[in-house]
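Here the sequence shown is numbered in the numbering used here, starting from 444 and rising by one per residue. Encoded as structure tokens, the structure appears first; notes follow it.
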Amino acid sequence: MSRFALILATFLVVAGIPLAGLATVNAQTVPTPTLSVTVFGETVGSRQVFAPDQILIPQVPIQLVVTFHNNDTVMDHSFTMNDVNGTVHPNTGILSPGQNATVTLTVITMTQVSFNGTTYTPEAGPSGILFYCIPHRGTGIVGQGMVGQIILSMAALAIAGLVVGIVWFSILTMIVAVQVLQGIEDAAADSYMAIFMGMVFLLLAVALDVYRKEFMPDELIHKIRRPKIVLHLAFR
Ligand SMILES: [Cu+2]
């Protein structure tokens, strides 16, 4: 048992090294990804709101395609952003109930946005980039007027934490395995190793799941398919 455990523990540490580098390599080779979201403008009770009022982005830079749909029955709404100087861009314009409009902007960093070839600092909200509805912005405080935010998801930080946990439990497994090999064995050594290894695989599964959900672009899904076979010769 103990030699097998040492081999397995060594494998965990070695396998962890390329995994840790995976995110970095992907970030360098993949061009700016695109995220398409639909945001509705509607009245809930007596309040005009965006639904959702948060656009979560998995990373920066990212190209954001926002389709704004006025889902209201009587109220006019817009999806609008300001820069720090109060200049309005991008802006869907004021839409009547039932109308749609799409704006495409690039969030370069959380303090730098590019739209229509212009790069500027967008107006900030409490925890992200602010967007609002021109007729219903009101006080402009999130939770009062019709405002929302583009927020950078904490998924990258979560994965970093999980990787630290994976490395930590791998090291603990190694320490127990080395001690067992040196003859410092107690009755519970196997139980400790089982728990530590279980934690390694559990954290690895969660980390891979978060990575897949937050960082794999949706566009990849329909590209994984059999290539279309086209005959170049006349076929008669
Ligand atoms: Cu509105």
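Positions of the beta carbon are idealized from the N, C-alpha and C atoms, including for glycine. Owing to the predicted nature of the structure, the values given are computational and were not obtained by experimental measurement.
Cβ neighbour criterion (16 or more within 10 Å) applied to residue i
i: M597; result: exposed
i: P533; result: buried
i: R490; result: exposed
i: S720; result: Residue coverage of the chain in this structure runs from 444 to 679, which leaves residue 720 outside it and unanswerable.
i: P565; result: buried
i: F644; result: exposed
i: G529; result: exposed
i: T523; result: buried
i: P501; result: buried
i: A620; result: buried
Residues that residue i bridges to, as DSSP identifies them
i: D652; result: Partner(s): none; D652 has no beta bridge.
i: I498; result: I593
i: N528; result: Answer by DSSP bridge pairing: none, since N528 is not bridged.
i: A544; result: F511
Any non-hydrogen atom of ligand 1 closer than 7 Å to residue i Cβ
i: H520; result: yes
i: P504; result: no
i: H512; result: no
i: P578; result: yes
i: Q491; result: yes
i: M524; result: no
i: G536; result: no
i: G488; result: no
i: G588; result: no
i: G568; result: no
Integer-rounded CB distance, given that residue j should sit under 8 Å from residue i
i: D496; j: G571; result: That belief does not hold up - the Cβ atoms of D496 and G571 are roughly 11 Å apart, past 8 Å.
i: V550; j: V503; result: 5 Å
i: L478; j: I505; result: 6 Å
- Query: Are three or more beta carbon pairs between the region 617–633 and the region 549–568 nearer than 8 Å?
  - Reply: Under the 8 Å Cβ criterion, the region 617–633 does not count as touching the region 549–568, having fewer than three qualifying pairs.
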